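Take a look at the structure set out below.
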Amino acid sequence: PAHEGAAFTMEEAIYYGKGYSRAPYYHFGPDGSVLDKRASGEEAQSAQELRFADSLKVWNAAEEGIVYGESVSRNEFGIEEGVFPSPDGKRFAFYRKDERDVTLFPLLDIGSRTGTLRLERYPMNGMASEKLSLGVWDSESGKTVYMQINDFDSERYITCVSWSPDSRDIYAQILDRSQHHLRLNRYRASDGRFVRTILSEDNPAWVEPEDPIHFVEGRNDLFIYRTDNRDGYRSLYLADTLGRIRRFTMSAADVSYLGNDGRYIYYTSAEISPVENHLFRNEIPRRWYKDRYKKPFRLTWARGWHNVELSPDCSRFLDRWSNTSTPVKVALGSCDGKSREILYEGPDPLEGYAAGKVEVGTVPSADGAFQNYYRLIYPVGFDPAKKYPVIVYVYGGPHSQLVRDSWLGSIRMWEMLMAQKGYIVYVQDNRGTTNRGAAFEKAINRACGVAEMEDQVAGLKRLLANSWADETRVGVHGWSYGGFMTISLMTNYPELFRCGVAGGPVIDWKWYEVMYGERYMDTPETNPEGFARTSLIEKAGKLSAPLLICQGAVDKTVVWEHSLSFVQECIDKGIQLDYFPYPVAEHNVFGRNRIHLMDKVTAYFEANL
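Residue numbering for the sequence shown follows this note's numbering, beginning at 1 and increasing consecutively.
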């Protein structure tokens with residue numbers, strides 16, 4: 001084991017155990033010896049299967065609605081965990097979540113004979129949200145202290161938690177509930193004392209922190225910080241603990257931090273093309289705040305999308321990449337750029353299958369300010385003298401990028417299936433999607449669906465201008481935000497669409513969760529015009545083509561109230577539609593449910609398009 005102990009959560013309590021392994025199917029004694037190993041060697045499937053010798057309950061939930069050490073804010077703001085060990089292994093920071101005021105939403109569990117209701121705490125837009133605290137537990141003293149966080153109101157967000165390399169201080173980014181104002185604060189881990197605000201961010205649209213700070217190797221005072229709020233792109237900055245800050249990546253492109261070795265910072269960037277992802281490194285100047293930067297050194301050269309993993313010492317990297325015409329390859333490269341070894345060359349997985357031609361290109365956004373990327377799959381045996389029906393597959397929401405210069409343009413195999421059945425399949429990344437800079441993403445501010453629809457329709461009309469695209473036979477399909485887009489397109493542009501399939505659709509943003517919904521839409525009280533404009537309830541009467549809605553009945557993300565309310569509105573207005581619930585499915589549908597779902601979606605288009 002790397003440290004003397006590990007923290008874990010179980011049943012809303014935090015435990016600390018000596019001797020641990022990252023492989024949860026091993027159980028260790030205090031000296032690190034293996035006490036037992038699961039006979040089959042499979043990974044533990046639940047927290048109840050994680051057992052630690054000499055474990056100590058650090059903190060337990062005193063009452064319903066108080067949770068310790070778990071992920072908070074519904075996994076927004078890059079939050080994936082709730083416990084943060086210090087570098088020296090002697091302390092850990094943890095979240096305390098008070099959600100007693102959060103509304104309980106009922107979910108029907110049909111597992112018992114009479115059925116039961118499972119109550120899920122769901123903070124709806126404009127309603128009471130969770131209240132967070134950040135504590136630190138010391139394994140030597142056994143004491144817990146809480147950071148003295150007094151910024152903004154009690155429903156603020158605490159995210160991007162990190163430790164100083166010397167384990168002395170905690171750094172956290174504090175965001176107000178409106179998500180317009182952020183402070184990067186430093187706290188003393190020993191007593192929770194507020195030390196200072198290092199940096200502040202403000203934006204009338206939104207501020208979205210997603211990355212903790214990363215200290216430069218060997219330094220306690222210099223760190224790497226990522227934001228899109230200063231120059232219009234997700235750029236890396238060098239900053240010190242006194243608050244001085246300087247932009248490090250200078251390209252007009254979004255970047256992602258990978259690591260540093262004290263001399264170089266390694267990152268991936270979209271600067272070659274928004275649909276490509278490449279690895280770069282650049283040197284940290286000796287006088288970081290004054291000296292000129294050198295030109296970044298590019299480490300991946302093959303065209304396409306590169307998924308890169310760095311070795312812990314930043315000496316080598318594993319590169320998995322492909323492009324529209326090249327199946328996946330894997331290479332091992334040195335970070336000085338002097339060596340590169342191909343480890344694997346994947347075969348064409350569609351060899352021997354009837355496959356449609358895949359095209360990746362650009363189309364102007366509706367406002368003419370951007371070039372949006374699209375993916376087009378032609379029917380198998382395409383003949384330009386014929387006319388073909390068109391299926392628009394759409395997501396269109398934040399943090400998504402469906403079109404990439406990767407194998408076959410990152411298609412879903414269902415798209416290829418429909419191409420085999422004689423359909424054109426069209427996919428576009430509209431304004432509001434990721435990897436294109438802040439202006440592109442923030443075009444949806446306070447009006448989700450409006451700019452997105454404009455771009456989708458503009459691109460579709462360009463496609464339909466081709467003689468081989470049948471403008472009388474156009475369908476649309478999407479899930480989640482894509483389900484919202486599907487119904488939005490069918491009710492705002494009924495003349496364009498012959499049928500559609502919407503899965504897990506948002507119907508009205510007032511029913512969506514606080515963290516995501518308020519970022520893009522604010523609240524119904526502060527943005528009544530935006531909510532009225534984007535709500536699909538009042539638009540139900542404009543539905544004139546066949547629509548199938550599919551919904552997981554125990555969806556904890558887009559709760560059932562959305563689609564059922566739309567169905568009721570259609571009933572009230574005498575509008576017919578098709579509806580299919582998946583009784584035990586959550587927001588994402590898996591396993592046999594998934595097979596059933598895709599068969600149903602396919603059959604619906606074959607019957608109506």
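We put the beta carbon where it would ideally sit given N, CA and C, even for glycine.
Because the structure is a prediction, the values reported are computed rather than measured.
Backbone CA spacing between residue i and residue j [nearest angstrom]
i	j	result
residue 535	residue 479	17 Å
residue 223	residue 150	24 Å
residue 388	residue 599	21 Å
residue 298	residue 264	13 Å
residue 449	residue 428	14 Å
residue 475	residue 517	28 Å
residue 590	residue 582	11 Å
residue 114	residue 69	34 Å
residue 176	residue 227	17 Å
residue 420	residue 80	39 Å
residue 55	residue 139	Residue confidence is low: residue 55 scores 47 on pLDDT, short of 50, so the model does not pin down where it sits. Its coordinate-derived value is still stated next. Computed Cα separation, rounded: 12 Å.
residue 270	residue 276	6 Å
residue 355	residue 242	58 Å
residue 630	residue 291	Residue 630 lies beyond the residue range present for the chain, which begins at 1 and ends at 609; the question has no answer from this structure.
residue 519	residue 199	21 Å
residue 608	residue 498	7 Å
residue 248	residue 213	14 Å
residue 469	residue 463	7 Å
residue 362	residue 457	14 Å
residue 203	residue 229	7 Å
residue 371	residue 364	5 Å
residue 526	residue 532	12 Å
residue 417	residue 74	35 Å
residue 314	residue 282	13 Å
residue 30	residue 82	In this prediction, residue 30 has a pLDDT of 33, which is less than 50 and means its spatial position is unreliable; nothing more can be read from the coordinates.
residue 434	residue 542	31 Å
Test item: CB-CB of residue i and residue j under 8 Å
i	j	result
residue 332	residue 310	no
residue 423	residue 379	yes
residue 126	residue 523	yes
residue 573	residue 603	no
residue 145	residue 128	no
residue 136	residue 172	no
residue 441	residue 511	no
residue 394	residue 521	no
residue 252	residue 233	yes
residue 447	residue 431	no
residue 159	residue 209	yes
residue 305	residue 406	yes
residue 186	residue 169	yes
residue 453	residue 489	yes
residue 399	residue 601	no
Cβ separation of residue i and residue j, assumed to be a contact under 8 Å, to the nearest whole Å
i	j	result
residue 308	residue 279	5 Å
residue 507	residue 565	6 Å
residue 237	residue 246	6 Å
residue 148	residue 96	Not really, about 14 Å apart at Cβ, beyond 8 Å.
residue 375	residue 358	7 Å
residue 207	residue 181	7 Å
residue 403	residue 373	4 Å
residue 217	residue 261	6 Å
residue 555	residue 596	Actually they do not touch by this definition, with Cβ atoms about 16 Å apart.
residue 347	residue 327	6 Å
residue 293	residue 244	Contact doesn't hold; Cβ gap of about 16 Å is too wide.
residue 335	residue 316	6 Å
residue 225	residue 239	5 Å
Residue i Cβ short of 7 Å to the ligand FAD heavy atom set
i	result
residue 257	The ligand FAD is absent from the structure shown, which contains no ligand whatsoever.
Coarse secondary structure for residue i, derived from DSSP in three states
i	result
residue 584	coil
residue 417	helix
residue 563	helix
residue 197	strand
residue 339	coil
residue 448	coil
residue 477	strand
residue 601	helix
residue 260	strand
residue 613	Because the chain in this structure spans residues 1 to 609, residue 613 falls outside the shown range and cannot be described.
residue 534	helix
residue 124	strand
residue 614	Limits of the chain in this structure are 1 at one end and 609 at the other, which puts residue 614 out of reach.
Quiz prompt | Continuous beta strand (DSSP E) assignments of at least 3 residues falling wholly in the segment 482-520 | solution = Listed in chain order, they are 499-503.
Self-check item: Whole beta strand (DSSP E) elements within the segment 267-322, 3-residue minimum
Solution: If we require 3 residues or more, the beta strand (DSSP E) runs fully inside the segment 267-322 come out as 278-283 and 305-310.
Practice problem: At 3 residues or longer, and completely inside the segment 361-409: list those beta strand (DSSP E) runs for me, N to C. | Solution: Inside the segment 361-409, DSSP marks whole beta strand (DSSP E) runs of 3 or more residues at positions 371-377 and 388-393, from first to last along the chain.
Exercise. Mind listing, in chain order, the continuous beta strand (DSSP E) runs of no fewer than 3 residues lying wholly within the segment 214-238?
Key: Qualifying beta strand (DSSP E) stretches, in chain order: 222-227.
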